[in-house]
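S.K.: Sharing a structure below in structure tokens format, with a few things to ask.
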Amino acid sequence: MNVDLRSRTGRWLVAAVALVALVLFPLFVGGGSWLNTAVLVLLYAGLAQAWNILGGFAGQVSLGNAAFFGIGAYTSTVLLDRWNVSPWLGMPVGAIVAAAFAVAVFFPFFRLGGHYFAIATIALAEILLILFTNWAFVRGARGITIPFVRGPDRRPTDSWAFLQFNESRVPYYYVVLGLAVLAVATAVVVERSKLGYYLRAIKNDQQAARSLGVPVLRYKLIAVAISAAVTAAFGTFYAQYLLFIDPETTMRLELSVLIALVAILGGVGTVVGPLLGALVLIPLSEVTRSQLAGSGNTLDLVLYGGLIMLIAAFQPNGLVAIGDRFRRRREAVRPAGDETERGEAPLVGAPGTRN
Amino acid sequence: MPALLELDAVSKRFGGLDANRDVSLVVEEGQIVGLIGPNGAGKTTLFNCVSGFFPPTSGSIRFAGNEIAGWAPERVLRAGLARTFQVVRTFPEMTVLDNVMIGAFARTNRAGEARARAAELLAFTGLAGRAHARGADLTIADKKRLELTRALATQPRLLMLDEVMAGLNPAERAQAVTLIRAIRDRGTTVLLVEHVMEVVMPISDHVVVLDSGRKIAEGPPRTIVRDPNVIAAYLGEKYRPRDEGTA
Ligand SMILES: Nc1ncnc2c1ncn2[C@@H]1O[C@H](COP(=O)(O)OP(=O)(O)OP(=O)(O)O)[C@@H](O)[C@H]1O
Ligand SMILES: [Mg+2]
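Taken in sequence, the protein lines are chains A and B. Its first residue numbered 221, the first sequence is counted upward by one per residue in the numbering used here. Its first residue numbered 5, the second sequence is counted upward by one per residue in the numbering used here.
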């Protein structure tokens, strides 16, 4: 078979094959630590994808997405804990709460330029963490334990209705896979729509964008709302996966940093980037975590910091760009004369031509 | 029928500096109006006031029946007034086609429609051959042409061009002149800022001259070139060297 994997059909083919492989994956590994790693990979792939909508497409680097993650986790968990509301309902509620929160808080943030914006987002998640730690209603620093759903024999059992699986972890895998697919689909739709175009224009030059009628602030707010909603949905999942949340596990700084790092490592502003980043970085961080067990979290941060420096120095466009670079080198030895860029449709000539 | 654009005593102060002082001018629908003046005369400042990039300190700006002084740029654009920048601001990491699509999205929510409109305009302005190049990879002449195409994609009633011909060689200038005429013939009114008098004269129906923030003359090109005030203003210019196209 000879299909150009960069073409439209080629890309769908790759996506389909990857999806089938992902669906079959648990059949091969069972429920062990591989499954846990796969769940985390998909979790971070989705979180990085959500980060990418604001940070990648629109170029507004947030280091506080753990705030949205925490809001998602807490909203559904508090609803469940206090009023026995199913997490399936808590998830969209949490997404809406996170989106509303994001719009309210980022409205002033977007007036801050560059580094100040990033710093403000760090402060946001940290403040939220402190607030939750001291908030009795959400049980403060002690966190919330989600009670088991029990079968007739009083043993913890599986419950799709309450998004809780105690007999086998495999259903969790399929739930997070579904969420990740949803996150990717969201990114693809955003990328191809007016929203995506406007976000990229904002990233490139805000003044020029305004001169062409782009309501810059409104589109940034739309982007952060979507980003927050998707992030919060994963927060709900994570709470159900652990069956325990506290402010540290859901809102700590490393979580925010790791989300951004996965996207940046993979390649910002592309849909494939965050997936690639998660696939490389999450298993790596799992290994370092088990190897460096007992030394606390600080070493993780040192590693991440080092990685960021390496990316900035050698591969600012992330892993996805390595392929491009390789291809360009190959092209350079090819005879010149082909004006059009590789992989793209012939130049647009007639009105109405789609490429 | 009132004029398309009407400025009445527009002033803009920067601290102690009168960048614009009581500037009044009228642009009739279907005209090409030239706005000229030596370095620092206040041409770009006037553009920024009209296009909403900052509010005038005082004065009135009427466009298509609305008082637009103080409106945000995106609102001015939607009312039908588009501008280009003297220092080019193409989106560097987006393709030429995508650059123009951003303009086209001002009038549609559908990507397919925006793409079709952008492709059509690229053919019109002669940039179709560069449709898939990155904005950053264009020559200065093509960047200026791209900005113009992009502004045109917003379907403006009035197009304000800030020194689109600065930095172009004579052949490129001739092309630009032809293009500007074609734009007017399609029904778009043009307000053309140029520093160099010779460029503006042959294509303008009406010329307004600024110097030190004030309007010192206006009229048909023939009379402007003989106006002693204008000649005096431009004579002093010789002794102020100027970096074309980068200012
Ligand atoms: N944002 C600003 N803040 C302070 N002063 C400004 C600002 N913009 C312009 N000026 C000043 O206002 C005056 C008019 O500048 P402007 O750029 O409008 O002139 P111009 O006619 O476009 O000149 P050029 O032919 O060089 O483009 C200049 O003295 C300039 O320094
Ligand atoms: Mg100027």
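Backbone N, C-alpha and C fix where the C-beta goes; we use that ideal spot for every residue, glycine too.
Do residue 92 (chain B) and residue 134 (chain B) have their beta-carbon atoms positioned less than 8 Å apart in this structure?
M.R.: What you label residue 134 (chain B) is simply residue 130 of the second sequence in a count that begins at 1. What you label residue 92 (chain B) is simply residue 88 of the second sequence in a count that begins at 1. Going by C-beta atoms, residue 134 (chain B) is not nearer than 8 Å to residue 92 (chain B).
S.K.: Whole angstroms is fine: what's the gap from residue 435 (chain A)'s alpha carbon to residue 342 (chain A)'s?
M.R.: The residue given as residue 435 (chain A) occupies position 215 in the first sequence. The residue given as residue 342 (chain A) occupies position 122 in the first sequence. So the alpha carbons of these two residues sit roughly 26 Å apart.
S.K.: For residue 95 (chain B), go through chain A and note every residue whose CB falls closer than 9 Å to its CB, in chain order.
M.R.: The residue labelled residue 95 (chain B) in the question sits at position 91 within the second sequence. Those within 9 Å of residue 95 (chain B) in chain A are 420, 421, 423, 424, 425, 428, 429.
S.K.: Kindly indicate if chain B contains any beta-carbon less than 8 Å away from that of residue 240 (chain A).
M.R.: Mapped onto the first sequence, residue 240 (chain A) falls at position 20. Answer no: the Cβ-Cβ gap between residue 240 (chain A) and chain B never drops below 8 Å.
S.K.: Nearest chain A C-beta to residue 24 (chain B) closer than 8 Å, yes or no?
M.R.: Mapped onto the second sequence, residue 24 (chain B) falls at position 20. For residue 24 (chain B), the answer is no, since every Cβ of chain A falls outside 8 Å of its Cβ.
S.K.: Taking 7 Å as the cut-off, is the CB of residue 22 (chain B) close to at least one heavy atom of ligand 2?
M.R.: Counted from its first residue, the second sequence places residue 22 (chain B) at position 18. Checking the Cβ of residue 22 (chain B) against ligand 2 gives no.
S.K.: Applying the 10 Å Cβ sphere with the 16-neighbour rule, what's the burial state of residue 388 (chain A)?
M.R.: Against the first sequence, residue 388 (chain A) aligns to sequence position 168. Result: exposed.
S.K.: Could you tell me the distance, in whole angstroms, from the CA atom of residue 469 (chain A) to the CA atom of residue 290 (chain A)?
M.R.: Position 249 of the first sequence, counting from 1, holds the residue named residue 469 (chain A). Position 70 of the first sequence, counting from 1, holds the residue named residue 290 (chain A). Cα-Cα distance, rounded: 8 Å.
S.K.: Would you mind reading off the limits of the alpha helix (DSSP H) that contains residue 431 (chain A)?
M.R.: Position 211 of the first sequence, counted from the first residue, corresponds to residue 431 (chain A). 426 to 431 is the span of the alpha helix (DSSP H), which, as asked, contains residue 431 (chain A).
S.K.: Taking C-beta pairs closer than 8 Å, name the residues in chain A that residue 115 (chain B) reaches, listed in chain order.
M.R.: Start at 1 with the first residue of the second sequence, and residue 115 (chain B) comes out as number 111. Within chain A, the residues near residue 115 (chain B) are 412, 413, 414, 417.
S.K.: Flag residue 432 (chain A) as yes if its beta-carbon sits less than 8 Å from any beta-carbon of chain B, otherwise no.
M.R.: One-based indexing of the first sequence puts residue 432 (chain A) at position 212. Residue 432 (chain A) counts as touching chain B.
S.K.: Where does the unbroken beta strand (DSSP E) through residue 252 (chain B) begin, and where does it stop?
M.R.: A question about residue 252 (chain B) goes unanswered here, because the residues of chain B that appear run from 5 up to 251.
S.K.: My understanding is that residue 227 (chain A) touches residue 115 (chain B), with C-beta atoms under 8 Å, so please give their C-beta distance in whole angstroms.
M.R.: Stepping through the first sequence from its first residue, residue 227 (chain A) is reached at position 7. Stepping through the second sequence from its first residue, residue 115 (chain B) is reached at position 111. Wrong, their Cβ atoms sit about 19 Å apart, outside the cutoff.
S.K.: For ligand 1, is there any heavy atom lying closer than 7 Å to the beta carbon of residue 219 (chain B)?
M.R.: Residue mapping note: residue 219 (chain B) aligns to position 215 of the second sequence, counting from 1. Flag unset: Cβ of residue 219 (chain B) not near ligand 1.
S.K.: For residue 435 (chain A), return the contacting residues in chain B, with the cut-off set at a CB-CB distance below 9 Å.
M.R.: Numbered from 1 along the first sequence, position 215 holds the residue referred to as residue 435 (chain A). The contacting residues are 76, 78, 79.
S.K.: Mind checking whether residue 280 (chain A) and residue 327 (chain A) have CB atoms under 8 Å apart?
M.R.: Locating residue 280 (chain A) in the first sequence gives position 60, counting from the first residue. Locating residue 327 (chain A) in the first sequence gives position 107, counting from the first residue. No, the Cβ-Cβ distance between residue 280 (chain A) and residue 327 (chain A) is not below 8 Å.
S.K.: Can you tell me which residues form a DSSP beta bridge with residue 466 (chain A)?
M.R.: Numbered from its first residue, the first sequence carries residue 466 (chain A) at position 246. Looking at the DSSP assignment, residue 466 (chain A) forms no beta bridge with any residue, so it has no partner.
S.K.: Let's see if you can read the secondary structure: which residues bound the alpha helix (DSSP H) around residue 272 (chain A)?
M.R.: As a first step, residue 272 (chain A) is located in the first sequence; it is residue number 52 there, counting from the start. Unbroken alpha helix (DSSP H) run through residue 272 (chain A): 253 to 272.
S.K.: Enumerate in chain order the residues of its own chain whose CB-to-CB distance from residue 201 (chain B) is below 6 Å, with the five nearest sequence positions on each side excluded.
M.R.: Indexing the second sequence from 1 puts residue 201 (chain B) at position 197. The answer, listed in chain order, is 40.
S.K.: Run through the DSSP bridge pairs and tell me what residue 164 (chain B) is partnered with.
M.R.: By 1-based counting over the second sequence, the position of residue 164 (chain B) is 160. Per DSSP, B:87, B:195.
S.K.: In whole angstroms, what is the alpha-carbon distance linking residue 554 (chain A) and residue 67 (chain B)?
M.R.: For this step, residue 554 (chain A) is matched to residue 334 along the first sequence. For this step, residue 67 (chain B) is matched to residue 63 along the second sequence. At residue 554 (chain A) the pLDDT is 46, less than 50, meaning the model places this residue with poor confidence and gives no usable figure here.
S.K.: Does chain A have any CB closer than 8 Å to the CB of residue 67 (chain B)?
M.R.: In the second sequence, counting from the first residue as 1, residue 67 (chain B) sits at position 63. By this cut-off, residue 67 (chain B) is not an interface position.
S.K.: What do you get for residue 534 (chain A), buried or exposed, if any count of 16 or more other CB atoms within 10 angstroms of its CB means buried?
M.R.: Locating residue 534 (chain A) in the first sequence gives position 314, counting from the first residue. It is exposed - the Cβ of residue 534 (chain A) has fewer than 16 other Cβ atoms within 10 Å.
S.K.: Quick check on the burial criterion: 16 or more other C-beta atoms within 10 angstroms. Buried or exposed for residue 425 (chain A)?
M.R.: In the first sequence, residue 425 (chain A) corresponds to position 205, counting from 1. Residue 425 (chain A) is buried by the Cβ-count criterion.
S.K.: What is the DSSP secondary structure of residue 103 (chain B), counted as helix, strand or coil?
M.R.: As a position in the second sequence, residue 103 (chain B) is number 99, starting the count at 1. Helix at residue 103 (chain B).
S.K.: Using DSSP bridges, identify the partner residues of residue 365 (chain A).
M.R.: Translated into positions along the first sequence, residue 365 (chain A) becomes position 145. Looking at the DSSP assignment, residue 365 (chain A) forms a beta bridge with A:464.
S.K.: Between residue 476 (chain A) and residue 334 (chain A), is the Cβ-Cβ spacing less than 8 Å?
M.R.: In the first sequence, counting from the first residue as 1, residue 476 (chain A) sits at position 256. In the first sequence, counting from the first residue as 1, residue 334 (chain A) sits at position 114. Result no, Cβ atoms of residue 476 (chain A) and residue 334 (chain A) do not sit closer than 8 Å.
S.K.: Under 8 Å Cβ-Cβ, which residues of chain A neighbour residue 46 (chain B)?
M.R.: Here residue 46 (chain B) is taken as the residue at index 42 of the second sequence, counted from 1. Near residue 46 (chain B) there are no residues of chain A at all, since even the closest Cβ is about 19 Å away, more than 8 Å.
S.K.: Would you list the one or two residues that DSSP bridges to residue 16 (chain B)?
M.R.: Start at 1 with the first residue of the second sequence, and residue 16 (chain B) comes out as number 12. B:24, per the DSSP bridge assignment.
S.K.: Residue 110 (chain B) versus chain A: which residues are under 7 Å apart at the beta carbon?
M.R.: Locating residue 110 (chain B) in the second sequence gives position 106, counting from the first residue. What residue 110 (chain B) touches in chain A: 432, 433.
S.K.: Does residue 166 (chain B) come within less than 8 Å of chain A when only Cβ atoms are used?
M.R.: Counting from one through the second sequence, the residue named residue 166 (chain B) turns up at place 162. Closer than 8 Å: no.
S.K.: Thinking residue 422 (chain A) and residue 541 (chain A) are a contact (beta carbons under 8 Å), I'd like their distance in whole angstroms, please.
M.R.: Here residue 422 (chain A) refers to the residue found at position 202 of the first sequence. Here residue 541 (chain A) refers to the residue found at position 321 of the first sequence. Between residue 541 (chain A) and residue 422 (chain A) the Cβ distance is about 22 Å, and since that is not below 8 Å, they are no contact.
S.K.: Contact criterion: CB-CB distance below 8 Å. Does residue 98 (chain B) meet it with respect to chain A?
M.R.: Along the second sequence, one-based indexing puts residue 98 (chain B) at 94. Chain A contact via Cβ: present.
S.K.: Does the region 455 to 473 of chain A come close enough to the region 482 to 489 of chain A to have 3 or more Cβ pairs within less than 8 Å?
M.R.: The answer is no - the region 482 to 489 of chain A does not touch the region 455 to 473 of chain A, with fewer than three Cβ pairs under 8 Å.
S.K.: Sorted by chain position, which residues of the same chain lie with C-beta nearer than 6 Å to residue 172 (chain B)'s C-beta, five sequence neighbours on each side aside?
M.R.: Indexing the second sequence from 1 puts residue 172 (chain B) at position 168. Same-chain partners within the cutoff: 145.
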